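Each residue of the sequence shown is one higher than the one before, starting from 1402 at the first, in our numbering.
Note that the Cβ used here is the ideal one computed from N, Cα and C, for glycine as well.
All figures in this text were calculated on a predicted structure; none of them were measured in a lab.
Below is one structure; the comments refer to it alone.
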Amino acid sequence: MRKDGKIYVAGHGGLVGSAIVRKLKEKGYTNIIGRRSSELDLTRQADTEAFFAAEKPDYVFMCAAKVGGIYANSTYPADFIIRNLQMESNVIQAAFQNHVEKLMFMASSCIYPREAPMPLKEEYLLTGQLETTNRPYAMAKLAGIELCEAYNRQYGTNYISCLPGNLYGPGDNFDLENGHVLPSLLRKFVEAVEAGSPTVTVWGTGTAYREFLHTDDMADACVFLMEHYDADKLVKPDPYAREAINIGCGEDITIKELVAILAEVTGFHGEIVWDTTKPDGTPRKIADSSKLFSMGWRPKIALRDGIRQTYLDYLANRDKYRS
């Protein structure tokens, strides 16, 4: 990317987008634009096309998405598939119409088949049944990857896709019902400590494995890929290969181990109650990030350190996160 190029970060106020904006500024990129959802509704095709026609960005990070944990995905499946399909198709088409030089589409490692071998390799996409609890979201993200590759094949565009693992960090969604597992549990532990509660209830058995990646590491990897990786490397030698780049840390832990870290960091000394009537989700999920690692990128933030940083950020900004 050129340092003077105009960069549009779609979803710049969210967990992913805000981290990418921080990383871009840290690396000397200054011509960065973004719009809040109240200013630009990316589900509206005409509005999206008008924005691109007026701003003419050179580069796009497509981070805008409707996201959530098991409860949210299970409760609002129609919202998850339609809103994500609308946003990604509108942005990718508008990027093409306005000659965007390079676009990164942000997918997720949760779109891999439920029973795919571990660690997850990029070639495992669409080789089996998806996890039912987030299938609508996964279908939308798979469509986004296919859109990027279709434009690359037909028009020679430079659109790349990445698959981050479970993300956490400053600016996360700490909602107890609609947030992802780590931030939701972090808030639950903080409130239990403050209320003097003797127990904290956690969904499932705690035996599921998850890989957690700090958003600052994710953002560093995304900017690295935009600077060093191009779409022509994705579609050769097979022009029909379905491929994206995993972004992970290369290590996973059980939810029980995560809960132990959260209890330690927040100072909770009570009992953990496991609600086994609730689902665990995918039994294990860890990405094979060897392709990215082979390019010279590695994560820098240890999980315990990242959780402590996120905990302190939550304490300092809890009124904003609870609003």
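| Item | Value |
| --- | --- |
| Classification of residue 1674 by the beta-carbon crowding that lies within 10 angstroms, buried from 16 upward | exposed |
| Residue 1565 (DSSP reduced to helix, strand or coil) | strand |
| Buried versus exposed, by CB contacts within 10 Å (16 or more), residue 1718 | exposed |
| Straight-line Cα distance separating residue 1553 from residue 1669 | 51 Å |
| Buried versus exposed, by CB contacts within 10 Å (16 or more), residue 1403 | exposed |
| Residue 1538 burial status per 10 Å Cβ neighbour count (16 or more: buried) | buried |
| Where residue 1488 sits in the DSSP three-state scheme | helix |
| Continuous alpha helix (DSSP H) assignments of at least 4 residues falling wholly in the stretch 1635–1716 | 1656–1667, 1691–1695 |
| Whole-number beta carbon distance between residue 1461 and residue 1411, since they are thought to touch under 8 Å | 7 Å |
| Pairwise C-alpha distance: residue 1712 and residue 1487 | 34 Å |
| Contacts around residue 1419, its chain only, beta-carbon distance under 7 Å, and the 5 residues preceding and following it disregarded | 1413, 1572 |
| Residues near residue 1534 in its chain [Cβ-Cβ closer than 7 Å; skip 5 each side] | 1471, 1474, 1475, 1680, 1682 |
| Proximity winner among 1648, 1608, 1620, 1548, relative to residue 1426 (alpha-carbon distances) | 1620 |
| Alpha helix (DSSP H) runs contained entirely in the stretch 1419–1478, provided each spans 4 or more residues | 1446–1456, 1471–1476 |
| Separation of residue 1546 from residue 1435, as counted between CA atoms | 22 Å |
| Where residue 1588 falls, given that 16 or more other Cβ within 10 Å makes a residue buried | buried |
| Euclidean distance between Cα positions of residue 1590 and residue 1664 | 7 Å |
| Cutoff 8 Å; reference residue 1429; Cβ partners in own chain excluding five residues on either side | 1404 |
| Beta strand (DSSP E) segment containing residue 1726, residue limits | With the chain covering 1402 to 1724 only, the question about residue 1726 has no answer from this structure. |
| The stretch 1614–1634 touching the stretch 1690–1707, judged by at least three CB pairs closer than 8 Å | yes |
| Alpha-carbon spacing of residue 1599 relative to residue 1569, whole angstroms | 26 Å |
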